[in-house]
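Peer 1: Residue numbers (our numbering): 2 to 579. Each residue gets a CB set at the ideal place from its N, CA and C atoms; glycine is no exception. For reference, the structure I am asking about is given below.
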Amino acid sequence: MEAKEAKLEKMRHSASHVMAEAVQYLFPGAKFGIGPAIEDGFYYDFELPRPLVPDDLITIESKMREIIAADLPFAAEEIDRTKARKLFGEQPYKLELIDDLPDETVSIYRQGSFVDLCRGPHVNSTSEIKAFKLTSIAGAYWRGDEKCPMLQRIYGVAFDTEAELEDYLARLTEATKRDHRKLGKELDLFSLHEEAGPGLVHWHPKGALMRQIIEDFWRQEHRKRGYDIVFTPHISKVGLWKISGHWDFYRDSMYSPMDIDDVEYVIKPMNCIGHILMYKTQLRSYRNLPLRYAELGTVYRYERSGVLHGLARVRGFTQDDAHIFCRPDQLEAEVTEVVQLARFMMNTFGFSEYELLLSTRPEKYAGTIQVWEDATEALRKVLEHLELNYEVDPGEGVFYGPKIDVKLKDALGRLWQGPTIQVDFNLPQRFDVNYIGEDGLEHQVVMVHRTVLGSMERFMACLIEHYAGVFPVWLSPIQVTIIPIADRHLDYANKVAGGLRECDIRVQVDDRSERMNLKIREAQLEKTPYMLVVGDKEMDTSQVSLRLRSGEDLGTLSISQFMDRVKPIIANKIQDKL
RNA sequence: GCCAGCGUAGCUCAGUGGUAGAGCAGCGGUUUCGUAAACCGCCGGUCGUGAGUUCGACUCUCACCGCUGGCUCCA
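Given below as structure tokens:
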């Protein structure tokens, strides 16, 4: 398996060189950046005399096919730096790379008319590059640095066989179909408005209903686990954010203050401050800890225009936030509980696979190295005791403490930012958040910020794409649509609906004077789990005819039979389609 | 924010330097029907916004707004 991956990577990397050769041929004077293999394919960055247009991809691709057909060998060579500097004299980016290399000699690879500074390895010959396709053009900063010039990047994908390439392209098509922006419109779940401002979500009745179902479930599970659910204001005086350090560290992401009675107020970008103020309304004993304040708190953050994306990246969103105030000796147990809760939530929502990341101390940090190490160790212990696989993400912690991030894997294997658990040493110190210990002295609490869904908006996006809009019954905004065949069946349909409503089943009657076929089609497009067709036959026998959104026609059954079937599916939050 | 592309009716999309078209949706009728679209008619757009070029701009130019794909960012 690993050997196969290594071979693929070699081939993809070689494909990027072939692409560079094609570009060199088609755009004399092109300057070359870097061209690595990436997941599924490769890219190469160029500085070109003119901007690329989509049609260029076709031209470049056919030139690449020529190079591949020519069966050109890849040849490695070691040369000394001086020689290399001369060889790449016209290539400023390559010169920069050479200057950064530590050794006296550098390796280069040649194929055909193209030579590149490259560590390798490569395939033996261009003919070993199999199924590939150029996919897109993008701008990319040299060295990934905003201050550096922007180069033009061409992305491609490459696989061993045409079948695998087809498969990949089919996955892309499937992803397009599941796009939450498209489904959100089709299923009438939410909208965004240019007039209202970008990144500001309007939840339509059905989307709002789903959100309420999720939130109700969330509240219930949090109460069970000893969380206190609270509310805090959306605005507060800017002074608090100066104390917290956000005004210095985080100001770029906060909206400008507004003036109220000559005092500056800001919209909250986080919920923690309010929770701290509440904590501090009393003198806390070590016996009272841990204290867990949870809030579905709506926050507003400035996100740069280019990063906004449907519900997944917005400017106003509701975090399923909580702050745990505990003693240092409780940290491990608390984090364990949070990880368990997160796993329970993820499983309930049908995510069985996830990746865990432990992020450690970044360059800019608050607190001492000692507390960082203790807390990082506590997080590590939690993951190890729970026997979870995780990776360390060095230096990726937040300035105020280390964190555990959970990335959810959706039905297409794509990763989504899910739960996050962050230890905080900064705020307890800045706000003097203390408790009285057994020794009668004041001690600083340890604070844990955590979300288990992330934000309602992003989680909704994730759910939509994971389920492709075919939500499990317990989450479906409409669970049952009753379809009277003719108008004379309306009364009976309403009666059936009434019975189901009594049992808290979300039901609608399609009472339009339309044909049954149309009603079925529309219920189908809405992905309603159950369609109950009622006509003369059903009315006479007090039955319903059940059709599933899978298209399956289960024939007639009594209403109680239907209830017996549906109730446990809802109550147990069954994942299966039906 | 940066690079590139895009913006035509509620939605999906066609169109061209000579003042806009389809399907669906909506509305009005007719139809009362057995498991994914009945039929007829009507309504609907200052072609994202603003400026410029032109006898004339939806079409060309520029600016702005928004969206899409990337890059950077995501405490």
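1) The beta strand (DSSP E) that contains H450, what's its start and end?
2) CA-CA distance, D488 and D511?
3) Taking its Cβ as the centre, do 16 or more other Cβ atoms sit within 10 Å of R305, making it buried, or is it exposed?
4) With a threshold of 7 Å on Cβ separation, who are the neighbours of M532 within its own chain once the five nearest residues in sequence on each side are excluded?
5) Can you pull the DSSP bridge partners for P485?
6) I'd like to know if the region 222 to 231 and the region 286 to 298 are in contact, where contact means that at least 3 CB-CB pairs between them fall below 8 Å.
7) Go through its chain and collect everything with a Cβ distance to Y355's Cβ below 7 Å, but skip five positions before and after it.
8) Might you give, ordered along the chain, the residues of its own chain that have their beta carbon closer than 6 Å to the beta carbon of P429, omitting 5 neighbours on each side?
9) Using the Cα positions of E62 and Y94, report the straight-line distance between them to the nearest angstrom.
10) Thinking C-alpha only, which one of H450, E439 and K186 is nearest L526?
11) Check whether the Cβ atoms of D46 and L152 lie closer than 8 Å to each other.
12) Tell me, to the nearest whole angstrom, how far the beta carbon of L454 is from that of D321; I am working on the premise that it is less than 8 Å.
13) Out of A412, V336 and L190, state which residue places its alpha-carbon closest to the alpha-carbon of L312.
14) Any chance you could list the alpha helix (DSSP H) runs of at least 4 consecutive residues sitting entirely within the region 403 to 447, in chain order?
15) Beta-carbon within less than 8 Å of P52's beta-carbon, same chain only, minus the 5 sequence neighbours each way: which residues are those?
16) Determine the direct distance from the alpha carbon of L201 to that of R513, and round the result to whole angstroms.
17) Using alpha carbons as the reference points, say which of V19, L9 and M271 lies closest to T452.
18) Leaving out five residues on either side along the sequence, give the residues of the same chain with a beta carbon under 8 Å from the beta carbon of H123.
19) Measuring CB atoms only, is the region 468 to 479 touching the region 494 to 502, in the sense that at least three cross pairs come out at less than 8 Å?
20) Of all the options P103, L358 and F33, which has the alpha carbon lying nearest to the alpha carbon of F115?
21) Between the alpha carbons of T177 and L188, how many angstroms are there, rounded?
22) By the DSSP assignment, the alpha helix (DSSP H) with G500 in it spans what residues?
23) Leaving out five residues before and five after S477 in sequence, what residues of the same chain have Cβ atoms less than 6 Å from its Cβ?
24) Is K269 near H324, with beta carbons less than 8 Å apart?
25) Only counting the same chain, and skipping five residues up and downstream in sequence, which positions put a Cβ closer than 6 Å to that of Q509?
26) Beta carbon of S192, beta carbon of H203: below 8 Å?
27) For a minimum of 3 consecutive residues, which ranges assigned as the beta strand (DSSP E) are wholly contained in the region 54 to 131?
Peer 2: Looking at the coordinates:
1) Here the beta strand (DSSP E) through H450 covers V447 to S456.
2) 10 Å
3) exposed
4) In its chain, beyond the 5 residues on either side, T482, I484, I521, A524 and R548 have a beta carbon closer than 7 Å to the beta carbon of M532.
5) V535
6) Here the region 222 to 231 makes contact with the region 286 to 298; the two share three or more CB pairs at distances below 8 Å.
7) M347, V407, K408, L409, K410 and G419
8) Q445, V446 and M448
9) Their Cα atoms are separated by approximately 24 Å.
10) For L526, the nearest C-alpha among the options comes from K186.
11) yes
12) 4 Å
13) L190
14) 427 to 431
15) Exclusion of the five residues before and after P52 leaves Q153 as the residues of its chain whose Cβ lies within less than 8 Å of its Cβ.
16) 34 Å
17) M271
18) K11, H14, S15, H18, F75, A77, Y110 and Q112
19) no
20) F33
21) 15 Å
22) L491 to E503
23) P530
24) no
25) I479 and T482
26) Yes, Cβ-Cβ distance for S192 and H203 is below 8 Å.
27) Entirely contained in the region 54 to 131, the beta strand (DSSP E) runs reaching 3 residues are, in chain order, 76 to 81, 106 to 112 and 115 to 118.
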